[in-house]
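Trainee: Heads up: the sequence shown at position 92 corresponds to 80 in my numbering, and the numbers run straight through without jumps.
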Amino acid sequence: MEFELKPLSPLAIPEALEKAHRYRLLNEPSQAESICLDILHIDPKNQPALITLLLAITDQFGSEATPARAREVLERLKGDYERAYYAGMIFERSARVSMRLGVPGASFRAHDDFVKAMQWYEKAQDVRPEGNDDSILRWNTCARTLMRHPELKPQVLERMEPVLDD
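1. Let me check understanding here. Comparing Cα to Cα, which of 73, 77, 76, 101 lies closest to residue 86?
2. Put residue 96 into one of helix, strand or coil per three-state DSSP.
3. In three-state terms, what does DSSP make of residue 102?
4. Could you tell me if the beta carbon of residue -10 falls within a distance shorter than 8 angstroms of some heavy atom in the ligand HEM?
5. Let's test the definition: count the other Cβ atoms within 10 Å of the Cβ of residue 82 and tell me whether it reaches 16, buried, or not, exposed.
6. In the DSSP output, which residue or residues are listed as bridge partners for residue 79?
7. DSSP beta-bridge partners for residue -9?
8. Excluding sequence positions up to five away, which residues of its chain have a Cβ less than 6 angstroms from the Cβ of residue 115?
9. Evaluate residue 56 with the Cβ neighbour count: other Cβ atoms within 10 Å of its Cβ, from every protein chain shown; 16 or more gives buried, anything less gives exposed.
10. Return the bridge partner residues of residue 53 from the DSSP annotation.
11. Just verifying my parser: in three-state terms, what is the DSSP assignment at residue 137?
12. So residue 50 packs on residue 12, CB below 8 angstroms; how close in whole Å?
13. Once DSSP output is grouped into helix, strand and coil, what is the label at residue 66?
14. Which residue from 36, 79, 52, 95 puts its Cα closest to that of residue 66?
15. In angstroms with no decimal places, state the Cα-to-Cα distance between residue 135 and residue 52.
16. Check whether the Cβ atoms of residue 124 and residue 105 lie closer than 9 angstroms to each other.
Next up, the structure:
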């Protein structure tokens, strides 16, 4: 079915954004996503709505959302710090989903995604606003996770040598 969605009033944006935050806290990320899409329909460059949307999408990794969808939103963020920090969040949350899956190869993917997250957090640290150590906190969390889970390790591909006949 198709419906014509009703637009929000621009004056309703601050309260709608607060509702989106509350829905994320209530573990209702699809509700938060819907609200953010309504906000972005009338204010496409609204950075707080884009960040909340990106986080709501990452909250749904492993079920309804993919990292590719989150990266589409990431491209719309303005600041270098925000792009680096939230790129790290995408990889970190993807890694945590891989850890929970427990399917063959998931531990390798989780390791790789944690390492990529840490690289992005280091980039964010280099351009962070003064007094904002969020990227350091996230980097340390990833490092501790890797140290506590030795089963998360890089995949080593064995090189196969051709067998030569006599």
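Positions of the beta carbon are idealized from the N, C-alpha and C atoms, including for glycine.
Because the structure is a prediction, the values reported are computed rather than measured.
Mentor: So, to answer that:
1. 101
2. helix
3. helix
4. This structure lacks the ligand HEM; in fact it carries no ligand of any kind.
5. buried
6. None, per the DSSP bridge assignment.
7. None, per the DSSP bridge assignment.
8. 68, 69
9. exposed
10. 49
11. coil
12. Actually they are not in contact, since the Cβ atoms of residue 50 and residue 12 sit about 16 angstroms apart, beyond 8 angstroms.
13. coil
14. 36
15. 30 angstroms
16. no
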